[in-house]
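J.:
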Amino acid sequence: MTPLNVSFSRGFAGNVLFALTALKEHKLRSGLTILGIVVGVTTVIAMVAIVTGFNNNVIGNLQTFGANRIEIQKYEDRFGPGGPSSDEERQRRNLTVDDAEALRVAFGDEATVASLCGYYDSEVHVKNGSLDANNPYVLGADEFYPTGTSYNIGHGRFFTAEEVAHSAPIIVLGAEVQEAIFPKEDPIGKDVTVNGMRYRVVGVLEKKGAVFGYSPDNKVLLPYGTFVKQFGFRVRKDGVFLNVVPKRTEEMDKTIEKATSVLRARRKVPFNKPNDFAVSTPDQLISQFRAITGGVTGAMIFIALISLIIGGVGVMNIMLVSVTQRTREIGLRKAVGALRRDIVGQFLVEAVTLSTLGGVVGVALGVGVAVLVRNVVPSLPTSTPLWSLLVGLLVSMGVGIFFGAYPAVKASRLDPIESLRYE
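The sequence shown begins at 443 in the numbering used here and counts up by one.
1) Please report how far the alpha carbon of Ala603 lies from the alpha carbon of Phe669, in whole angstroms.
2) For Pro629 and Val818, I'd like the C-alpha separation in whole angstroms.
3) Can you tell me where the beta strand (DSSP E) with Pro688 in it begins and where it stops?
4) Do Gly590 and Leu664 come within 8 angstroms of each other at the CB atom, strictly closer than that value?
5) To which residues does DSSP link Tyr561 through a beta bridge?
6) For the beta strand (DSSP E) containing Tyr641, name the first residue and the last one.
7) Enumerate in chain order the residues of its own chain whose CB-to-CB distance from Phe601 is below 6 angstroms, with the five nearest sequence positions on each side excluded.
8) Which first and last residues belong to the beta strand (DSSP E) in which Ala720 is found?
9) Does the structure place the stretch 679 to 695 close enough to the stretch 470 to 480 that three or more beta carbon pairs sit under 8 angstroms?
10) Apart from the five residues just before and just after Val844, which ones in its own chain have a Cβ nearer than 7 angstroms to its Cβ?
11) Using the beta-carbon count (16 or more within 10 Å), is Gly522 buried or exposed?
12) DSSP three-state label for Asn570, please.
13) Mapping the DSSP letters down to three states, classify Val819 as helix, strand or coil.
14) Closest to His608 by C-alpha separation, out of Leu705, Glu692, Gly667, Val662, would be which residue?
15) Let's test the definition: count the other Cβ atoms within 10 Å of the Cβ of Gly524 and tell me whether it reaches 16, buried, or not, exposed.
16) With 16 other CB atoms within 10 Å as the buried threshold, where does Glu627 fall?
17) Can you name the start and end residues of the alpha helix (DSSP H) that Thr399 belongs to?
18) Using only CA atoms, which one of Leu807, Ser830, Ile745, Arg775 lies nearest to Ala853?
19) I need the straight-line Cα distance from Ile760 to Ile734, nearest angstrom please.
20) So, are the CB atoms of Gly631 and Arg642 less than 8 angstroms apart?
21) As a quick exercise: from Pro724, Phe713, Phe673, Val765, pick the residue whose alpha carbon is nearest that of Asn685.
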């Protein structure tokens with residue numbers, strides 16, 4: 443190591459030590475100075491952890507229902523409040539089981555096509571004697587449902603084509619419904635009622651797990667014709683929605699194009715008009731979801747930046763005060779040969795030390811908030827990526843450099859003679 447490097451290392455270490463000593467001597471002042479930096483870094487770390495965990499959980503759950511699943515329905519699919527967003531959507535004709543059959547004929551063995559419709563209402567009662575499920579939703583489906591939704595049977599079996607064709611009075615329970623009304627017995631072969639109508643249980647779906655308060659396991663399935671007999675008003679209102687699953691994932695685009703062509707021809711949509719039905723894939727829903735969470739993250743980062751700016755102004759203020767208090771010291775150092783760059787380095791290192799300490803505290807608090815959220819809200823599994831910790835520390839150091847530069851330069855420009863006369 444060269445003498446210059448040794449000198450610099452000692453100077454740097456001495457400046458850091460001096461800054462830490464000043465922090466210790468003025469704890470309250472220093473704490474208030476770095477408070478804005480602490481708040482800003484904590485906000486960034488905590489928000490990144492929450493949003494990252496949220497994204498990973500939702501995206502993972504979307505993919506568990508089939509990463510290569512294509513959904514075709516009357517209304518555009520979107521996050522947030524459901525239902526149509528325009529009069530044009532409300533006026534669209536319903537999709538039907540005949541549309542599903544036409545797609546099966548068109549695709550042959552190239553893809554699986556499942557049709558289903560649903561009834562969602564707070565007054566759905568699925569009972570086994572006196573035991574009542576927790577307001578599950580009811581789906582009417584054909585025999586292709588397990589393949590079309592990547593939703594396997596956990597126990598028992600699913601409907602056969604004959605049972606669907608003849609509207610058999612049978613039912614498949616979601617895992618949560620089974621746990622609620624058959625907590626200690628095998629439900630297969632037992633009878634349940636759905637809003638008073640009796641059905642025989644033939645199977646239980648594999649459990650998927652709840653996602654932020656929504657449980658895909660809290661449902662029951664009826665054969666499509668059976669569903670129409672009890673909930674025909676729902677079919678007349680919204681029709682069915684179709685799931686198309688290509689045999690090979692790499693043929694997603696080709697499958698979408700072919701399904702769209704078949705349906706446009708059946709529904710007589712003019713070539714210069716847009717589709718009168720919605721086509722979506724998990725990737726499209728993931729993109730929508732990321733756009734929403736990205737906007738929320740952007741807003742929180744903007745708030746955090748304001749806190750960092752306030753913290754930076756505090757650092758600048760405390761360093762200007764320090765320059766004033768140490769004017770004679772600066773004059774003495776210059777008188778014995780200190781260069782301007784030595785003075786700049788001294789005060790800049792002190793400013794960076796101050797702001798970096800705020801960053802360290804902010805990172806620690808941010809990680810703590812993420813852990814607290816994960817423990818208090820188990821359905822919100824936070825995840826703190828390493829890069830966010832590094833960014834938090836680097837940003838806090840950058841704040842120190844940016845807002846410490848002016849006081850450092852001002853100190854370096856003091857006249858040594860005037861500084862020695864300063865009282």
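Glycine residues also receive a C-beta, built at the ideal position from the N, C-alpha and C atoms.
T.: Result, derived from the coordinates:
1) Roughly 15 angstroms between the two C-alpha positions.
2) Taking the Cα positions, Pro629 is about 34 angstroms away from Val818.
3) Here the beta strand (DSSP E) through Pro688 covers 683 to 688.
4) Not closer than 8 angstroms, so no.
5) Secondary-structure assignment with DSSP links Tyr561 through a beta bridge to Val580.
6) Where Tyr641 is concerned, the enclosing beta strand (DSSP E) stretches over 639 to 647.
7) Sequence-distant Cβ neighbours of Phe601 in its own chain, meaning closer than 6 angstroms and more than five residues away, are Glu585, Pro665.
8) In the DSSP assignment, Ala720 falls within the unbroken beta strand (DSSP E) covering 720 to 722.
9) Because the criterion of three Cβ pairs below 8 angstroms is not met, the stretch 470 to 480 and the stretch 679 to 695 do not touch.
10) The sequence given here has Phe at residue 844, not Val. Answer for Phe844: Gly754, listed in chain order.
11) Below a pLDDT of 50, predicted positions are generally treated as unreliable, and Gly522, at 46, falls in that range; no measurement from the model is reported.
12) Under the three-state reduction of DSSP output, Asn570 falls in the strand class.
13) In the structure shown, Val819 sits in coil (DSSP, three-state: anything other than H, G, I, E or B).
14) Closest by alpha carbon: Gly667.
15) Residue confidence for Gly524 is low, a pLDDT of 45 falling below 50, so the modelled location carries little weight; the figure read from the coordinates is stated next. By the neighbour-count rule (16 or more Cβ atoms within 10 Å), Gly524 is not buried but exposed.
16) Classification for Glu627: exposed.
17) Nothing in the structure corresponds to residue 399, since the chain is present only between 443 and 865.
18) Nearest to Ala853 by C-alpha distance, out of Leu807, Ser830, Ile745, Arg775, is Arg775.
19) Ile760 and Ile734: Cα-Cα distance of roughly 40 angstroms.
20) The Cβ atoms of Gly631 and Arg642 sit closer than 8 angstroms to each other.
21) Selection Pro724, Phe713, Phe673, Val765 evaluated against Asn685 yields Pro724 as nearest (Cα-Cα).
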